[in-house]
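For the protein sequence lines, the chains are H and Z, in the order given.
Numbering-wise, this note's numbering comes out as the position in the first sequence, counting from 1, plus 4.
So in this note's numbering, spot 85 of the second sequence is number 81, and the numbers just go up one at a time.
Down below is the structure, laid out as structure tokens.
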Amino acid sequence: MIDREQASAALDDINEMVQRVRQSRIYQISSVVIIMWGVVLVLAYIANYTWPRQGYTVWTVANLTGLVISVAIGVITNARSGIQPFPIRSLLTFVLIGAFGVFCSVVLGHFGSRQIITFWALYGMLFYAIAGLWFGYAFIVIALCTSALTLIGYYYIGAAFLLWMAVVHGGGLVLGGLWMRRSS
Amino acid sequence: MAELDDIIHQPLRLRIMAALNALPPGAGLEFARLKKLTGATDGNLGAHIETLSKAGYVAVEKAFVGKKPQTTVSATAAGRAAFARHVAMLQEIIAASGR
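Right under this line is the structure:
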């Protein structure tokens, strides 16, 4: 028979394993979504650079595509594992975050295209950083690196800003997602 | 008071069962991921999975993904029940010593 300390240590071991498995599964699912968004953003930035007057259409199509694929990944993951990665409350949270972003960038702020791109990149990364407080430091690292590079681009990169963002925002998300997959 | 399950109580086997039990029923973990999660070596992990498998606590499935062999381990219903009993026993020991 074991004593109280040994029993307590065994339970701590069990809790630690449960946390590790939980984080690993979150990283596995999130990394697919993050890589997909990275690819969508790279294509959108390049399209916006190529057709600057079509920015509104490019970003509407890109965001809708990303949303539809994200939901599809959620539904497939749910069907395969029985885990619900996007419960209704999470979905509503994303809708509210998105709506607030639109309100700030379109209604309150009269941003130019450079400002609006920087705003959405930083705004998205803010929620990555917040997610990192719950789900693991990888989100925080991705958020800090991407935000820093976005601000460098905003202040110091001239006409090639959209291409810079394709690399640091889109490419950064792809690299971050691959890193999360490796460490999951 | 009931006895602790000796098969599960060994530290690495406890970690393996805790990891597998954290998954939804029927889901499994690949050997490589289980190795990473538990921090075990290949040989050590293989030996302890074998012990758990012989006890009927885990199911081992070997398949080829492309040309690579992949081993997936999942907790059986008996394994989940034994793990739940073991955790209840640990909690009972802590509660009893606090009285």
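C-beta: ideal position from N, C-alpha, C; glycine also.
As the structure is a prediction and not an experimental result, all values here were calculated from the model.
Problem - For Leu155 of chain H and Ile121 of chain H, the rounded distance between their alpha carbons - result: Leu155 of chain H has its alpha-carbon roughly 11 Å from the corresponding atom of Ile121 of chain H.
Exercise for the section: Evaluate the contact criterion for the stretch 7 to 24 of chain H versus the stretch 148 to 164 of chain H: three or more CB pairs, one atom per stretch, below 8 Å. Expected result: Judged by Cβ distances under 8 Å, the stretch 7 to 24 of chain H makes no contact with the stretch 148 to 164 of chain H, as fewer than three pairs qualify.
Problem - Extent of the continuous alpha helix (DSSP H) run through Thr72 of chain Z - result: No alpha helix (DSSP H) contains Thr72 of chain Z, which DSSP labels as neither H nor E.
Practice task
Starting from Ala36 of chain Z, follow the beta strand (DSSP E) in both directions and report where the run begins and ends.
Solution key: If you look at Ala36 of chain Z, you'll find it isn't in any beta strand (DSSP E); DSSP assigns it neither H nor E.
Handout entry: Those residues which DSSP pairs with Phe60 of chain Z across a bridge
Key = Note: Phe60 of chain Z sits in a beta bridge opposite Z:Pro65.
Problem - Minimum C-alpha distance to Ile146 of chain H - residue among H:Leu179, H:Gln119, H:Gly59 - result: Checked all of H:Leu179, H:Gln119, H:Gly59; the closest Cα to Ile146 of chain H is H:Leu179.
Problem - CB contact flag (Leu30 of chain Z, Val69 of chain Z, <8 Å) - result: Yes, they are a contact pair.
Practice task
For the alpha helix (DSSP H) containing Arg26 of chain H, list its first residue and its last residue.
Solution key: Where Arg26 of chain H is concerned, the enclosing alpha helix (DSSP H) starts and stops at 8 to 54.
Handout entry: Integer Cβ distance of Gly78 of chain H from Gly181 of chain H, believed to fall under 8 Å
Key = Contact doesn't hold; Cβ gap of about 16 Å is too wide.
Practice task
In the DSSP assignment, find the unbroken alpha helix (DSSP H) run with Pro7 of chain Z in it and report its ends.
Solution key: DSSP places Pro7 of chain Z in the uninterrupted alpha helix (DSSP H) bounded by 7 to 17.
Practice task
Check each residue of the stretch 26 to 57 of chain Z: if its Cβ is closer than 9 Å to any Cβ of chain H, include it; give the result in chain order.
Solution key: Correct list: Arg29, Lys32, Leu33, Thr34.
Exercise for the section: Decide if the stretch 57 to 73 of chain Z is in contact with the stretch 20 to 28 of chain Z; the criterion is three or more beta carbon pairs, one per stretch, under 8 Å apart. Expected result: Under the Cβ criterion (8 Å, minimum of three pairs), the stretch 57 to 73 of chain Z counts as touching the stretch 20 to 28 of chain Z.
Handout entry: Cβ shell of Phe27 of chain Z (< 6 Å), same chain only, five flanking positions each side left out
Key = In its chain, beyond the 5 residues on either side, Thr67 have a beta carbon closer than 6 Å to the beta carbon of Phe27 of chain Z.
Handout entry: Ile33 of chain H and Thr81 of chain H closer than 8 Å at C-beta
Key = Yes. Within cutoff.
Exercise for the section: State the DSSP-derived secondary structure class of Leu0 of chain Z, mapped to helix, strand or coil. Expected result: Coil, per DSSP.
Exercise for the section: Would you mind stating whether Leu166 of chain H and Asn52 of chain H have Cβ atoms separated by less than 8 Å? Expected result: Going by beta carbons, Leu166 of chain H and Asn52 of chain H fall inside the 8 Å limit.
Problem - Distance CB(Ile3 of chain Z)-CB(Ala51 of chain Z) smaller than 8 Å - result: It is a contact, given that the beta carbons lie within the stated cut-off.
Exercise for the section: Could I get the ranges of all uninterrupted alpha helix (DSSP H) runs contained in the stretch 117 to 178 of chain H, with 4 residues as the minimum, in chain order? Expected result: Here the runs fully enclosed are 117 to 139, 141 to 160, 165 to 169.
Handout entry: Near-chain Z residues of the stretch 23 to 34 of chain H - C-beta to any C-beta below 7 Å
Key = Hits within the stretch, in order: Arg24, Val25, Arg26, Ser28.
Exercise for the section: Please name the residue or residues paired with Leu25 of chain Z in a DSSP beta bridge. Expected result: In the DSSP assignment, the residues bridged to Leu25 of chain Z are Z:Val69.
Exercise for the section: Answer with yes or no whether the minimum CB distance from Ala11 of chain H to chain Z is below 8 Å. Expected result: Using a CB distance cut-off of 8 Å, Ala11 of chain H counts as an interface residue toward chain Z.
Exercise for the section: Kindly say whether Asp17 of chain H, judged by its beta-carbon, lies nearer than 8 Å to any beta-carbon of chain Z. Expected result: Yes, Asp17 of chain H counts as interfacial toward chain Z.
Handout entry: Where Ala51 of chain Z falls: helix, strand or coil (DSSP)
Key = Coil.
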